[in-house]
Each structure stands twice: as structure tokens, then as C-alpha cells.
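**Student:**
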């Protein structure tokens, strides 16, 4: 990804780093990695929610207690 390469090349230049990071963010939004969900299945969006605060709590706790 060119935007990520630009971040690496901008090290030490705060303004260039800011521009490069904005490019990375724009690319991630365009790819659907950030921003609102792009699908419409009617299910709640649990993105950026702790597992203990979702209907998956019991499953998550089971994983934590497994050897």
C-alpha cells in the first residue's frame, strides 16, 4: 500500500507524516476497514465493543478459562 510506504518515508517530518496518515485512513475507509459497516443484515454492530459487553460474553469467558 503506497500510503503506508509514505508514512515510513515521512519519519521525522511531522507535516508529511500527518498527510501520509490521512492517506492511510482514507484508504482504509475506502476498503471498508474503518467507518460505518457497509453491509445491511440487520444484526447489531459489535465492532470496538468488549466481548464481555456483547451476547458473546459466555463464549469469550469459556475461551479465557480453557487451558
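Numbering (the UniProt record's numbering), first residue to last: 1 to 67. Just so it is clear, CB atoms sit at the ideal spot from N, CA and C, and this is done for glycine as well.
Hey, quick one: how far does the alpha helix (DSSP H) through residue 40 stretch, first residue to last?
**Tutor:** Locating residue 40 in the chain shown gives position 40, where the first residue counts as 1. Residue 40 -> no alpha helix (DSSP H), and no H or E assigned at all.
**Student:** Which class does residue 49 belong to by DSSP, given the choice of helix, strand or coil?
**Tutor:** Position 49 of the chain shown holds residue 49. The answer is coil: DSSP assigns residue 49 none of H, G, I, E or B.
**Student:** Name the two residues that bound the continuous alpha helix (DSSP H) containing residue 17.
**Tutor:** Along the chain shown, read from residue 1 onward, the residue named residue 17 stands at position 17. Where residue 17 is concerned, the enclosing alpha helix (DSSP H) stretches over 14-31.
**Student:** At the level of alpha carbons, what is the spacing between residue 47 and residue 13?
**Tutor:** Taking the chain shown and counting its residues from 1, one reaches residue 47 at position 47. Taking the chain shown and counting its residues from 1, one reaches residue 13 at position 13. So the two alpha carbons sit approximately 33 Å from each other.
**Student:** Report the three-state DSSP secondary structure of residue 10 (helix, strand or coil).
**Tutor:** Your numbering for residue 10 matches position 10 in the chain shown. Of the three classes helix, strand and coil, the one that applies to residue 10 here is coil, per DSSP.
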